[in-house]
Amino acid sequence: MSLSWRRLRTLLVREMRATLRDPFTLGILIAAPLVALLAFGYTLSTEIKYLDLAVLDADDSPASRRLIAELAAEETFTPHVVRNRDEMTRMLVSGKVSAALVIPPDFDHALDEAARGGPPPQVQALYNGSDTVLAGNTEGALRAIVAAAGAAVVTSPAQATPGIEVVTNVLYNPTLSGVPFMVSGVFGFVLSFLTTLLTAVSIVNERLTGTFDQLQVTPATSLEILLGKILPLGAVFAFDVLLMMLVGGFLLGVWPQGNPLLFWAVSAFYVLFSLSLGIIFSATSHTAAEAVQKTVLYSIPVMQLGGFAFPLRNMPMPMQWVTELFPATHYIRLSRDVYLRGEGFFGVLPDLAVLAVYGVVLGALALRTIGERT
Amino acid sequence: MTLDPRRLLSNVLAVAYKETQVLRHDAAFITVVLAQPIMMLLLFGACLSNEPANVPWSVLDRSQTAQARRLVEDIHATGYFLPPVAVQSYDQGLERMRRGDSIALLVIADDFRRDAERGRARVQLLLDGADPLTSARVGAYVAQVAAGFRPDDRPSPRDPDAGPKGAVAGIDVRQRFWFNPTLNDSQFFLAGLSGMLLTNLCLSITCLGLVGERERGTYEQTLSLPTSPLEIVLGKLLPLVGICYVLVFAAMLETGIVFGIWPRGSLLSLAVVTLPFVLASLAIGVFVSALARSSAQAVFLSVFFILPSFVLSGVMMPYQLMPPYIREVGGILPLRWYQVALRAIIDRGASLVDVKGPLLAMTVQFGILLALIRWRMSPRLG
Numbered sequence: 009m010s011l012s013w014r015r016l017r018t019l020l021v022r023e024m025r026a027t028l029r030d031p032f033t034l035g036i037l038i039a040a041p042l043v044a045l046l047a048f049g050y051t052l053s054t055e056i057k058y059l060d061l062a063v064l065d066a067d068d069s070p071a072s073r074r075l076i077a078e079l080a081a082e083e084t085f086t087p088h089v090v091r092n093r094d095e096m097t098r099m100l101v102s103g104k105v106s107a108a109l110v111i112p113p114d115f116d117h118a119l120d121e122a123a124r125g126g127p128p129p130q131v132q133a134l135y136n137g138s139d140t141v142l143a144g145n146t147e148g149a150l151r152a153i154v155a156a157a158g159a160a161v162v163t164s165p166a167q168a169t170p171g172i173e174v175v176t177n178v179l180y181n182p183t184l185s186g187v188p189f190m191v192s193g194v195f196g197f198v199l200s201f202l203t204t205l206l207t208a209v210s211i212v213n214e215r216l217t218g219t220f221d222q223l224q225v226t227p228a229t230s231l232e233i234l235l236g237k238i239l240p241l242g243a244v245f246a247f248d249v250l251l252m253m254l255v256g257g258f259l260l261g262v263w264p265q266g267n268p269l270l271f272w273a274v275s276a277f278y279v280l281f282s283l284s285l286g287i288i289f290s291a292t293s294h295t296a297a298e299a300v301q302k303t304v305l306y307s308i309p310v311m312q313l314g315g316f317a318f319p320l321r322n323m324p325m326p327m328q329w330v331t332e333l334f335p336a337t338h339y340i341r342l343s344r345d346v347y348l349r350g351e352g353f354f355g356v357l358p359d360l361a362v363l364a365v366y367g368v369v370l371g372a373l374a375l376r377t378i379g380e381r382t
Numbered sequence: 141m142t143l144d145p146r147r148l149l150s151n152v153l154a155v156a157y158k159e160t161q162v163l164r165h166d167a168a169f170i171t172v173v174l175a176q177p178i179m180m181l182l183l184f185g186a187c188l189s190n191e192p193a194n195v196p197w198s199v200l201d202r203s204q205t206a207q208a209r210r211l212v213e214d215i216h217a218t219g220y221f222l223p224p225v226a227v228q229s230y231d232q233g234l235e236r237m238r239r240g241d242s243i244a245l246l247v248i249a250d251d252f253r254r255d256a257e258r259g260r261a262r263v264q265l266l267l268d269g270a271d272p273l274t275s276a277r278v279g280a281y282v283a284q285v286a287a288g289f290r291p292d293d294r295p296s297p298r299d300p301d302a303g304p305k306g307a308v309a310g311i312d313v314r315q316r317f318w319f320n321p322t323l324n325d326s327q328f329f330l331a332g333l334s335g336m337l338l339t340n341l342c343l344s345i346t347c348l349g350l351v352g353e354r355e356r357g358t359y360e361q362t363l364s365l366p367t368s369p370l371e372i373v374l375g376k377l378l379p380l381v382g383i384c385y386v387l388v389f390a391a392m393l394e395t396g397i398v399f400g401i402w403p404r405g406s407l408l409s410l411a412v413v414t415l416p417f418v419l420a421s422l423a424i425g426v427f428v429s430a431l432a433r434s435s436a437q438a439v440f441l442s443v444f445f446i447l448p449s450f451v452l453s454g455v456m457m458p459y460q461l462m463p464p465y466i467r468e469v470g471g472i473l474p475l476r477w478y479q480v481a482l483r484a485i486i487d488r489g490a491s492l493v494d495v496k497g498p499l500l501a502m503t504v505q506f507g508i509l510l511a512l513i514r515w516r517m518s519p520r521l522g
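Protein chains in written order, with the numbering used here: chain A, 9 to 382; chain B, 141 to 522.
Dropping the structure here:
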């Protein structure tokens, strides 16, 4: 297949003019990835702040009120004191609170016992287990506060704890903030889903209005049409990646630990791959709706199974092998390695090689679908 | 516009009948309606999970004593971890973490046994913050095992309800997880599933349908009928509401049969909370299609809406954990309230009285959207 630079340049200029003429689409092309970045950036969090907590204080003594005050003092919980068990259950069932603490009637008495060397006083904690992530995190936070409060309320000299103390250090992200994890994952989301969707829709539109058929009858070869289509869009998305890196850095405070240039180059390469996929979807669809549904049905599972929001290792083993077949898996892993752990070029080489193979296969497929006359 | 209720009804029904005929012949549409719930069900029910599993970790055991080996064994026995990899030096352990080969590194000092017998042993745990959710949970698991560890005898079998004694100095916290005692993750996702499916369906159908009609010119034909725009919109929405109910109950049935998770509340309350949500979602679709000039624009706009609503509403991640302002922004979305109501009814067996807040919020949202549509959808040509 021949490739004439002059013809390709004409196509590129045509594509560029068509894109610039439509400020709405151009705006979406640039804004959508940033919206995704900001929306996803804040969603994954392990930190509990002002969580509504029902407290059933059956004791109503100075000691129990002091425990409640300790719970409110930190910014973790907003305690709501309830009068009876029914009211507490109601609040848990309706979802007004996600956890409840029951202080038994003899709490004050048990404290005195503990001071004289008796067993430690008991309180009961109830969690809404249907919100699994929330329940897991609430458990940790509530225990820590009750423990701290207990150490202050119980006057007896604390007996030596028989267990082992764990001193925890967190590497790469000491506060365990969810933002870096999500920011590095959003690149995978944007470049696997949004790019494919936008390409699929814009090209199917051109087919509907008939301008695509006009292109096919020009002397331009399929390769030139393909390049003429994906290079300008690729440039827009490569610019998007740059913009996302800057917004992620300045607004969310997440800069790549590794080489930003390496990350940008790899991403720009991966964009071409997603765009080819978009071309294949649009070439095999008759309406915009069909192209959209194809993209959604393919890209959403692939991206989710690629480990964009949930770690792959949590899946059953056979499923993990299947995910290795998807290119998105390799790109998402690669972007996390570079972004979070500062991996270099040679460290990501295996993933890069897999992506290159997929790139060639999809490019060839896209070329074939473009050549087919309707 | 004259408002004769009898005429309104017959016109709405006529448009609804026409719409049903159109949808019945749309093979691609039927495929999507059938395929999407199954795909999402498998994805969220069987594949995706927040719960740590197969966690790779390494152990630097400098003490080489039976006690240290038992601690490692106890941690491994929690079932969240892969078999530990023994490393010979601190640097080697750090290198494994840098490469992402392990999430945690447990360091046991050489005087571990002596300290353990005196009751003040410490171990160091290094966690990979690059994966914060997993690391936070892994840290908690290890601390829990360590707190219950006795150097002299075998620890008592783990009691999931009672926290390890002594972990909490002074006060003994007895805890219980209601509604989902094993903290099974798929229950969280599956309860919100119909919210995701409906948002997707309502928006793509109304948007693409209405804009597509405008592009093909059939919308202009409808305008020339003796029906008011309101009647057209209502007539178009009616069959879609029916499809939405079919979808919700199909998803419910599939969840029950495949994963054994049946709603604890009544189906009636489920049907009641679904109505304002479906109406609000369809109204959003109609509004978006009124803004868009081509089907491409309609798609972009609906993605622009679907994306944040999945993320911010709390169907995928608990909204209670989001930062304060982000949490409030999510309250604008009907999906937020629908998933709150869904979880209450499906997981916790709530009655309609318990979900009156979300119900009211969605109704108000629908009212506002209707007003917006009336303002924007005046009959215009080309």
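Glycine residues also receive a C-beta, built at the ideal position from the N, C-alpha and C atoms.
Range covered by the beta strand (DSSP E) that runs through residue i
i               : result
N136 of chain A : Q130 to N136
D60 of chain A  : L59 to D65
W197 of chain B : W197 to D201
F85 of chain A  : F85 to V90
I248 of chain B : A244 to I248
I524 of chain B : With chain B running from 141 to 522 in the structure shown, residue 524 of chain B is simply not present.
D105 of chain B : Because chain B here runs from 141 to 522, residue 105 of chain B falls outside it and cannot be looked at.
Q301 of chain A : Segment A296 to L313 is the alpha helix (DSSP H) holding Q301 of chain A; no beta strand (DSSP E) there.
V263 of chain B : R262 to D268
I111 of chain A : A107 to I111
For residue i, the nearest candidate out of the options (CA to CA)
i               : options                           : result
W477 of chain B : B:V443, B:S421 and B:V426         : B:S421
V282 of chain B : B:F328, B:W197 and B:A432         : B:W197
L330 of chain B : B:E394, B:L350 and B:G471         : B:E394
L45 of chain A  : A:G257, A:A273 and A:T33          : A:G257
S242 of chain B : B:D255, B:G405, B:R253 and B:V225 : B:V225
A286 of chain B : B:D214, B:A244 and B:G219         : B:D214
S282 of chain A : A:Q301, A:Y339 and A:N322         : A:Y339
F32 of chain A  : B:S435, B:Y157 and B:D231         : B:S435
Y230 of chain B : B:L246, B:G219 and B:L149         : B:L246
K158 of chain B : B:T362, B:A175 and B:L234         : B:T362
A261 of chain B : B:G357, B:R467, B:A249 and B:K496 : B:A249
A417 of chain A : A:L28, A:S53, A:V154 and A:G126   : Here chain A covers residues 9 to 382 and nothing more, so residue 417 of chain A does not appear.
For residue i, the three-state DSSP class (helix, strand or coil)
i               : result
V362 of chain A : helix
W329 of chain A : helix
N177 of chain A : strand
I233 of chain A : helix
D139 of chain A : coil
D487 of chain B : helix
V369 of chain A : helix
F48 of chain A  : helix
R314 of chain B : strand
V356 of chain A : coil
Residue i beta carbon near the ligand FMN (any heavy atom closer than 7 Å)
i               : result
L211 of chain B : Summarising the ligand content, the structure contains no ligands, and the ligand FMN is consequently not present.
Euclidean distance between Cα positions of residue i and residue j
i               : j               : result
L119 of chain A : E257 of chain B : 29 Å
P264 of chain A : G49 of chain A  : 15 Å
L266 of chain B : V278 of chain B : 10 Å
V362 of chain A : P335 of chain A : 7 Å
S203 of chain B : V263 of chain B : 11 Å
T219 of chain A : S200 of chain A : 27 Å
S72 of chain A  : I170 of chain B : 60 Å
A374 of chain A : I287 of chain A : 6 Å
L134 of chain A : S368 of chain B : 55 Å
L305 of chain A : A167 of chain B : 16 Å
N- and C-terminal bounds of the alpha helix (DSSP H) containing residue i
i               : result
R25 of chain A  : W13 to R29
V443 of chain B : S435 to S453
A80 of chain A  : P70 to A81
T207 of chain A : T203 to T217
C384 of chain B : P369 to F399
ask   = If contact means a Cβ-Cβ distance below 7 Å, which residues of the segment 412-438 of chain B contact chain A?
value = S434, S435, A436 and Q437
inquiry  = Closer than 7 Å between beta carbons: that is the criterion. Which residues of the segment 325-344 of chain B meet it against chain A?
reply    = Close to chain A, meaning a Cβ-Cβ distance shorter than 7 Å, are the following residues of the segment 325-344 of chain B: D325, Q327, F328, A331 and S344.
Interface residues of the segment 94-105 of chain A facing chain B [CB-CB below 8 Å] = So the close ones are R98, L100, V101, S102 and G103.
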